[in-house]
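Enquirer: There's a structure below that I have some questions on.
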Amino acid sequence: MTEPNPKKRRSTSNTGRFENCVKVLAKYACIEKSLFDYANFAFLKISDCNASQNYSFTRAKCNIVEIAENHEVPLLLKFTDVFSKGIQLLTAAENNTRVLDGNEKTAVMLLASYLGDIEQHEKSLRKVISLVAEEKKEEKSLDNHITIALADHLLGKLAPGNSYKIDSHLKTSGKDRCAFDHYKQDSNFGCTGIDDEGETDDINSFTNGKEDVIGSEDQAVAQTIVFSFIQRKQHPSLCSLIPNILISSSYFRIIMYDSVHDILLCTAPIPLFATHEKKKLITASVVILWMVLHHRQFCEGIKTNMIVDLDNIKLNFKEQAKDKYDLYLNLSDVGICSFPSMYKKCYPSSDSIYGGRTITQ
Numbered sequence: 007m008t009e010p011n012p013k014k015r016r017s018t019s020n021t022g023r024f025e026n027c028v029k030v031l032a033k034y035a036c037i038e039k040s041l042f043d044y045a046n047f048a049f050l051k052i053s054d055c056n057a058s059q060n061y062s063f064t065r066a067k068c069n070i071v072e073i074a075e076n077h078e079v080p081l082l083l084k085f086t087d088v089f090s091k092g093i094q095l096l097t098a099a100e101n102n103t104r105v106l107d108g109n110e111k112t113a114v115m116l117l118a119s120y121l122g123d124i125e126q127h128e129k130s131l132r133k134v135i136s137l138v139a140e141e142k143k144e145e146k147s148l149d150n151h152i153t154i155a156l157a158d159h160l161l162g163k164l165a166p167g168n169s170y171k172i173d174s175h176l177k178t179s180g181k182d183r184c185a186f187d188h189y190k191q192d193s194n195f196g197c198t199g200i201d202d203e204g205e206t207d208d209i210n211s212f213t214n215g216k217e218d219v220i221g222s223e224d225q226a227v228a229q230t231i232v233f234s235f236i237q238r239k240q241h242p243s244l245c246s247l248i249p250n251i252l253i254s255s256s257y258f259r260i261i262m263y264d265s266v267h268d269i270l271l272c273t274a275p276i277p278l279f280a281t282h283e284k285k286k287l288i289t290a291s292v293v294i295l296w297m298v299l300h301h302r303q304f305c306e307g308i309k310t311n312m313i314v315d316l317d318n319i320k321l322n323f324k325e326q327a328k329d330k331y332d333l334y335l336n337l338s339d340v341g342i343c344s345f346p347s348m349y350k351k352c353y354p355s356s357d358s359i360y361g362g363r364t365i366t367q
């Protein structure tokens, strides 16, 4: 009797698994593209900063303003233009219009797997957020529990290969507090930031659970700028438009910087949960996070050749860095102590995003 070919059996199994994932994804594929307008980007400019001095991220000072047409109407870049590859992939998977390559299939299966278990993750997140809200002691420690929950039940599940690390400094906070039977694995603690190869995909202490944190907006901009210069140095052939996710228990923002074209982008607050549906995760928000975490695969970059007045939307970072600019050009690695929380007064508002004018690419 002929022995069955294990490679063929594995291939058939993977094909069936992918088809099941596409079916799960099809339930959510009716997301209107207009919902991605929540994630449209405003252009930011630095009025002054201390980039020319030797300061850590926590002492960074970057006063930023939105770039507006005639000082009134904010200029915008559509999320669907920047991440058009991700939008096209979802459409192709839904309509079966083309054969997906291995990396695309892996990404689709990861998203579909999360969406298939989304109710369990919602339950875990709601429990931890509620516990933290009820307890009124040692605020920092409690905030760390939200950080761990967001890593274990959201960002870590959507990241490429489910690979992530939580800052080892948070390990004293203990394991994930959801304690549900459906989630028994230990949180992944370790050294975070940028590794020896200049990778910036690890999840760090990206939130402290508060809605307003004075000063952290400067830290966020500084980190995003440094990440882009490191990407540019380590991987010059790759897109240098690098994202930084700022997240709390209720909403998140995305900051992106392109060190080649000197353009800084930022979204308005994007809600995580639908308040009218018993704190259900918003599917469009989950998909947005998935695309951003897979930015190397889905980010199209900024098509500067389609922008008429390119100089008008530049950050002018070189002028701010002054004689230290060459140091940024040669950055190869840096240790990151913590990712930032959000300070909503200094970033674009929902009103400014909705009332802005899109720059056609």
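The numbering of the sequence shown is the numbering used here, which starts it at 7 and goes up by one. Yeah, the Cβ is synthetic: ideal placement off N, Cα and C, and Gly gets one too.
Can you give me the C-alpha to C-alpha distance between Phe258 and Leu161, rounded to a whole angstrom?
Expert: So the alpha carbons of these two residues sit roughly 12 Å apart.
Enquirer: Specify, as a first and last residue, the run of the alpha helix (DSSP H) that Thr103 falls within.
Expert: Run containing Thr103: none; DSSP gives neither H nor E here.
Enquirer: According to DSSP, simplified to helix, strand and coil, what is Pro249?
Expert: Residue state, collapsed to three classes: strand.
Enquirer: I'd like to confirm the pairing. Which residues does DSSP put opposite Asp264 in its beta bridges?
Expert: In the DSSP output, where bridge partners are listed per residue, Asp264 has Leu247 and Ile269.
Enquirer: Any idea what DSSP makes of Asn69, helix, strand or coil?
Expert: In this structure, Asn69 counts as strand in the three-state DSSP scheme.
Enquirer: Using DSSP with H/G/I as helix, E/B as strand and the rest coil, what is Leu323?
Expert: According to the sequence as given, residue 323 is Phe; it is not Leu. DSSP places Phe323 in helix when its eight states are reduced to three.
Enquirer: Is the beta carbon of Pro354 sitting closer than 8 Å to the one on Glu78?
Expert: For Pro354 and Glu78, no; Cβs fall outside 8 Å.
Enquirer: Please state if the CB of Lys285 and the CB of Glu125 are separated by a distance shorter than 8 Å.
Expert: No, Cβ-Cβ distance for Glu125 and Lys285 is not below 8 Å.
Enquirer: Any contact of the region 291 to 303 with the region 236 to 256, i.e. 3+ C-beta pairs under 8 Å?
Expert: Touching, yes, given that three or more Cβ pairs across the two stretches are closer than 8 Å.
Enquirer: What are the residues that DSSP puts in a beta bridge with Val79?
Expert: Val79 is bridged to Glu75.
Enquirer: Since Ile260 and Thr273 should fall inside the 8 Å C-beta cutoff, what is the C-beta to C-beta distance between them, to a whole number of angstroms?
Expert: Indeed, because the Cβ distance is near 5 Å, the residues count as touching under 8 Å.
Enquirer: Among Val88, Gly361, Val293 and Ser254, which one has its Cα closest to the Cα of Met115?
Expert: Looking at the Cα atoms, Val293 is the closest of the given residues.
Enquirer: Using CA atoms only, rank isn't needed, just tell me which of Pro277, Cys245, Ser254 and Leu278 is closest to Met262.
Expert: Of the candidates Pro277, Cys245, Ser254 and Leu278, the one whose C-alpha sits nearest the C-alpha of Met262 is Cys245.
Enquirer: Name the two residues that bound the continuous alpha helix (DSSP H) containing Phe304.
Expert: Per DSSP, Phe304 belongs to the alpha helix (DSSP H) from His301 to Phe304.
Enquirer: Among Phe42, Ser356, Ala74 and Phe235, which has the Cα closest to the Cα of Asp268?
Expert: Minimum Cα distance to Asp268 is reached at Phe235.
Enquirer: Is Ser291 buried or exposed, if buried means 16 or more other CB atoms sit within 10 Å of its CB?
Expert: The residue in question, Ser291, is buried, as its Cβ has 16 or more Cβ neighbours within 10 Å.
Enquirer: Just to confirm my understanding: we take Ser356, look at its own chain, exclude 5 residues before and 5 after, and list those with CB closer than 7 Å. What are they?
Expert: Closer than 7 Å at Cβ, skipping near neighbours: Ala274 and Pro275.
Enquirer: Could you check which residue in Asn322, Leu333 and Lys111 has the C-alpha nearest to that of Lys51?
Expert: Measuring from the Cα of Lys51, the nearest candidate turns out to be Asn322.
Enquirer: Between Lys330 and Lys324, what straight-line distance do the alpha-carbon atoms span, to the nearest angstrom?
Expert: Near 9 Å, if we compare the C-alpha coordinates of Lys324 and Lys330.
Enquirer: Answer with buried or exposed for Val227, where buried requires no fewer than 16 other C-beta atoms within 10 angstroms of its C-beta.
Expert: Buried, since its Cβ has 16 or more Cβ neighbours within 10 Å.
Enquirer: If the criterion is Cβ atoms closer than 8 Å, does the pair Phe85 and Asn46 meet it?
Expert: Cβ atoms of Phe85 and Asn46: closer than 8 Å.
Enquirer: In whole angstroms, what separates the C-alpha of Ser256 from that of Thr97?
Expert: For Ser256 and Thr97, the distance between alpha carbons rounds to 28 Å.
Enquirer: Could you give the residue range of the alpha helix (DSSP H) that holds Ser254?
Expert: Looking at the DSSP string, Ser254 is not in any alpha helix (DSSP H), and its letter there is neither H nor E.
Enquirer: Considering only C-alpha positions, which residue in the set Asp87, Phe42, Asn26 and Glu306 is nearest to Leu295?
Expert: With distances taken between Cα atoms, Leu295 lies closest to Phe42.
Enquirer: Out of Ala118, Cys27 and Phe49, which has the shortest C-alpha to C-alpha gap to Gly362?
Expert: Checked all of Ala118, Cys27 and Phe49; the closest Cα to Gly362 is Phe49.
Enquirer: To the nearest angstrom, report how far apart Leu106 and Ala99 are at their CA atoms.
Expert: Answer to the nearest angstrom: the Cα atoms are 8 Å apart.
Enquirer: Grab me the residues of Thr310's own chain with a C-beta within less than 6 Å of its C-beta, minus the 5 sequence neighbours each way, in chain order.
Expert: Excluding positions up to five away in sequence, the list reads His267 and Leu316.
Enquirer: Taking the alpha helix (DSSP H) that Lys133 falls in, what are its first and last residues?
Expert: That run of the alpha helix (DSSP H) goes Ile124 to Glu140.
Enquirer: For Lys286, does the three-state DSSP call read helix, strand or coil?
Expert: Strand at Lys286.
Enquirer: Suppose the cutoff is 6 Å on Cβ atoms and the five residues either side in sequence are ignored; what does the same chain contact list for Ala74 look like?
Expert: Counting only Cβ-Cβ distances below 6 Å, and skipping sequence neighbours, we find Pro80.
Enquirer: So, at 8 Å on beta carbons, what are the nonlocal neighbours of Thr230 in its own chain, with the 5 sequence-adjacent residues on each side left out?
Expert: Correct list, in chain order: Ile248, Pro249, Asn250, Ile261, Met262, Tyr263 and Leu270.
Enquirer: Identify the continuous alpha helix (DSSP H) that holds Tyr334 and give its terminal residues.
Expert: Segment Tyr331 to Leu335, the alpha helix (DSSP H) holding Tyr334.
Enquirer: Measure the C-alpha to C-alpha separation of Asn26 and Asn101 and round it to an integer number of angstroms.
Expert: Using only the alpha carbons, I get a separation of about 14 Å.
Enquirer: Identify, in the order they occur along the chain, each residue of the same chain with its Cβ nearer than 8 Å to the Cβ of Asn3, setting aside the five sequence neighbours on each side.
Expert: The question about residue 3 has no answer here: the residues shown for the chain are numbered 7 through 367.
Enquirer: Is the distance from the Cβ of Thr281 to the Cβ of Leu82 below 8 Å?
Expert: No, the pair does not count as a contact, with Cβ atoms beyond the cut-off.
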